[in-house]
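Student: In this note's numbering, the protein residues as written are 9 to 351. What follows is a structure written as structure tokens; I'll ask about it next.
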Ligand code: SF4
């Protein structure tokens with residue numbers, strides 16, 4: 009992660025109090041309900057959580073690709089001095105691909121089946137940089153294909169002639185074509201088999217390292233996340249409940265939901281029963297008062313049912329929204345479970 013000389017990392021993207029709701033006849037579904045996070049220069053931030061927790065919606069919100077009945081209700085999405093939510097349609101179009109790019113979930117559905125790969129990449133470049141000579145464009149596209157490990161023959165091919173992994177790498181080539189500051193990868197490896205998944209993941213890491221781009225990686229494969237990201241934000245029911253360095257989160261998870269999520273990952277080394285998170289998520293139109301996780305939390309206390317926990321830095325670079333952590337006079341936090349078990 010890059011620093012500004014005073015060792016404090018520089019944020020390239022800041023999301024504050026982002027709320028995205030979907031209108032339904034029975035009331036608004038609060039898919040993202042007050043999400044805050046920063047993405048620092050040169051880092052990969054993983055956004056994880058179970059299906060429907062709002063991770064993809066939050067990322068699409070950053071790109072402002074939310075379509076009705078969804079809508080952004082509140083928030084601020086800053087890149088430097090610019091609040092993306094205040095931009096006009098034209099200003100926003102100028103930012104897309106040049107400052108913010110997307111590697112989509114399903115490459116097959118996002119590539120145009122009637123256009124060759126070279127034509128699709130040319131389109132992206134022309135939209136922003138205007139017309140270029142045929143030779144110049146070809147050289148540039150071949151370079152991009154080489155960057156993502158695709159052979160030259162891909163240049164003239166149509167998407168249906170490519171394997172799943174190749175299509176995904178063509179999407180990465182498109183995403184890096186205009187050297188953006190931030191790339192959002194929305195479950196970009198989830199539809200691939202594990203071997204191809206590894207190749208695509210390595211391509212993304214190579215691109216990130218060489219270009220110094222910052223990435224938000226969305227997914228639910230904790231194993232893959234552990235290998236790829238620098239920090240991880242754990243989402244539950246439209247809220248970020250923990251955001252920490254990736255090692256901290258695996259070695260010492262702070263939030264009970266993070267603990268359960270990690271305990272549900274099968275291990276090849278150790279035979280252990282997988283833990284399940286009891287109960288089901290509440291109706292997203294009517295979130296419960298207090299802690300968002302209290303209906304399923306094994307450690308629920310009385311105050312959790314009424315008082316919403318603020319996200320606090322319980323250990324360096326580990327922020328958790330949970331009443332289990334109480335600040336002491338010396339500024340450190342204590343886990344109240346240790347008081348109960350070791351009085
Ligand atoms: Fe569980 Fe309470 Fe912490 Fe929520 S605040 S996660 S209910 S202990």
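Note that the Cβ used here is the ideal one computed from N, Cα and C, for glycine as well.
Would DSSP call residue 223 helix, strand or coil?
Tutor: Taking the first residue of the chain shown as position 1, residue 223 is located at position 215. Three-state DSSP puts residue 223 in a strand.
Student: Return the bridge partner residues of residue 189 from the DSSP annotation.
Tutor: Counted from its first residue, the chain shown places residue 189 at position 181. The partner list for residue 189 (beta bridge, DSSP) is empty, contrary to what the question assumes.
Student: For residue 207 and residue 123, I'd like the C-alpha separation in whole angstroms.
Tutor: Here residue 207 refers to the residue found at position 199 of the chain shown. Here residue 123 refers to the residue found at position 115 of the chain shown. Their Cα atoms are separated by approximately 25 Å.
Student: Which stretch, first to last residue, makes up the alpha helix (DSSP H) that contains residue 183?
Tutor: Your numbering for residue 183 matches position 175 in the chain shown. It spans 172-184 - the alpha helix (DSSP H) in which residue 183 sits, taken as one unbroken run.
Student: Which residues have their C-beta within less than 5 Å of a heavy atom of ligand 1, listed in chain order?
Tutor: Result (chain order): 264, 299, 301, 302, 305, 307, 308, 312, 317, 330, 331, 332.
Student: Within 10 angstroms of its Cβ, does residue 205 collect 16 or more other Cβ (buried), or is it exposed?
Tutor: Within the chain shown, the letter at position 197 stands for residue 205. Buried, by the Cβ-count rule.
Student: Closer than 6 Å by C-beta to residue 36: which residues in its own chain qualify, once you throw out the five before and the five after it? Chain order, please.
Tutor: Start at 1 with the first residue of the chain shown, and residue 36 comes out as number 28. Only 29 meet the Cβ criterion.
Student: Threshold first: 3 residues or longer. Then list the beta strand (DSSP E) segments lying entirely within the stretch 95-171, N to C.
Tutor: Segments of the beta strand (DSSP E) lying fully in the stretch 95-171: 108-111.
Student: Which residues in the same chain have their Cβ closer than 6 Å to the Cβ of residue 31, if we skip the five residues on either side of it in sequence?
Tutor: In the chain shown, counting from the first residue as 1, residue 31 sits at position 23. Result list for residue 31: 77, in chain order.
Student: Specify the secondary structure class of residue 64 as computed by DSSP and reduced to three states.
Tutor: One-based indexing of the chain shown puts residue 64 at position 56. Residue 64: helix per DSSP, three-state reduction.
Student: Check whether the stretch 316-336 touches the stretch 271-281, counting contact only when three or more Cβ pairs, one atom from each stretch, lie closer than 8 Å.
Tutor: Contact fails: fewer than three Cβ-Cβ distances are below 8 Å.
Student: Would you list, in sequence order, the uninterrupted alpha helix (DSSP H) runs of no fewer than 4 residues that lie entirely inside the stretch 207-280?
Tutor: Taking only runs of at least 4 residues, the alpha helix (DSSP H) segments lying wholly in the stretch 207-280 are 230-236, 254-259, 264-271.
Student: Do residue 70 and residue 85 have their CB atoms nearer than 8 Å?
Tutor: For this step, residue 70 is matched to residue 62 along the chain shown. For this step, residue 85 is matched to residue 77 along the chain shown. Closer than 8 Å, so yes.
Student: Hey, how far is the Cα of residue 246 from the Cα of residue 65?
Tutor: In the chain shown, the residue the question calls residue 246 occupies position 238. In the chain shown, the residue the question calls residue 65 occupies position 57. Cα-Cα distance, rounded: 9 Å.
Student: Pick helix, strand or coil for residue 325, following the three-state DSSP scheme.
Tutor: As a working note, residue 325 is residue 317 in the chain shown. Note: residue 325 maps to coil in three-state DSSP.
Student: Can you find a heavy atom of ligand 2 that lies under 7 Å from the Cβ of residue 174?
Tutor: Annotation note on ligand 2: not contained in the displayed structure, which lists ligand 1 as its ligands.
Student: Candidates 323, 300, 201, 262: which alpha carbon is nearest residue 312's?
Tutor: Within the chain shown, numbered from 1, the residue matching residue 312 stands at position 304. Answer by Cα proximity: 300.
Student: According to DSSP, what are the bridge partners of residue 46?
Tutor: Position 38 of the chain shown holds residue 46. In DSSP, residue 46 forms a bridge with 22.
Student: What's the C-alpha gap between residue 75 and residue 347?
Tutor: Reading the chain shown from its first residue, position 67 is the one you call residue 75. Reading the chain shown from its first residue, position 339 is the one you call residue 347. Cα to Cα, the separation comes out at about 48 Å.
Student: Can you find the residues in the same chain that come closer than 8 Å, C-beta to C-beta, to residue 25, ignoring five residues on each side of it along the sequence?
Tutor: Position 17 of the chain shown, counted from the start, is the residue given in the question as residue 25. 42, 43, 44, 82, 83, 84, listed in sequence order.
Student: In chain order, what residues of the same chain have a beta carbon less than 7 Å from the beta carbon of residue 183, not counting five sequence neighbours either side?
Tutor: Sequence index remark: in the chain shown, residue 183 carries index 175 (1-based). 109, 110, 111, 191.
Student: Does the distance from the CB of residue 242 to the CB of residue 228 come in under 8 Å?
Tutor: In the chain shown, the residue the question calls residue 242 occupies position 234. In the chain shown, the residue the question calls residue 228 occupies position 220. No, the pair does not count as a contact, with Cβ atoms beyond the cut-off.
Student: Can you give the Cα-Cα distance for residue 160 and residue 189, rounded to whole angstroms?
Tutor: Residue numbering aside, residue 160 sits at position 152 when the chain shown is read from its first letter. Residue numbering aside, residue 189 sits at position 181 when the chain shown is read from its first letter. Distance between the alpha carbons of residue 160 and residue 189 is about 26 Å.
Student: Using a Cβ-Cβ cutoff of less than 7 Å, which residues in the same chain neighbour residue 309 once the five nearest sequence positions on both sides are dropped?
Tutor: In the chain shown, residue 309 corresponds to position 301, counting from 1. So the qualifying residues of the chain are 331.
Student: What first and last residue would you give for the beta strand (DSSP E) that runs through residue 56?
Tutor: The residue you call residue 56 lines up with position 48 of the chain shown. Run containing residue 56: 52-56, per the beta strand (DSSP E) assignment.
Student: Taking DSSP's pairing of strands, which residues face residue 82 in a bridge?
Tutor: Counting from one through the chain shown, the residue named residue 82 turns up at place 74. Residue 82 pairs with 27.
Student: Could you give the distance in angstroms between the alpha-carbon of residue 197 and the alpha-carbon of residue 319?
Tutor: Working through the chain shown from its first residue, we reach residue 197 at position 189. Working through the chain shown from its first residue, we reach residue 319 at position 311. Each residue's Cα considered, the two are about 30 Å apart.
Student: Going by beta carbon distance, what residues of the same chain come within less than 7 Å of residue 258, once the five residues before and after it are set aside?
Tutor: Your numbering for residue 258 matches position 250 in the chain shown. 234, 270.
Student: Using DSSP bridges, identify the partner residues of residue 334.
Tutor: On the chain shown, residue 334 is found 326 positions in, with the first residue counted as 1. For residue 334, which the question treats as bridged, DSSP gives the partners 342.
Student: Any idea what DSSP makes of residue 205, helix, strand or coil?
Tutor: Counting from 1 along the chain shown, the entry for residue 205 is found at position 197. The answer is helix: DSSP assigns residue 205 an H, G or I state.
Student: Quick one: grab the DSSP three-state call for residue 310.
Tutor: One-based indexing of the chain shown puts residue 310 at position 302. Three-state DSSP puts residue 310 in a helix.
Student: For a test of the three-state rule: what should DSSP assign to residue 37, helix, strand or coil?
Tutor: In the chain shown, counting from the first residue as 1, residue 37 sits at position 29. Three-state result, residue 37: strand.
Student: From the DSSP output, which residues share a beta bridge with residue 194?
Tutor: By 1-based counting over the chain shown, the position of residue 194 is 186. According to DSSP, residue 194 bridges with 226.
Student: Can you look up residue 70 in the DSSP assignment and give me helix, strand or coil?
Tutor: Counting from one through the chain shown, the residue named residue 70 turns up at place 62. DSSP places residue 70 in helix when its eight states are reduced to three.
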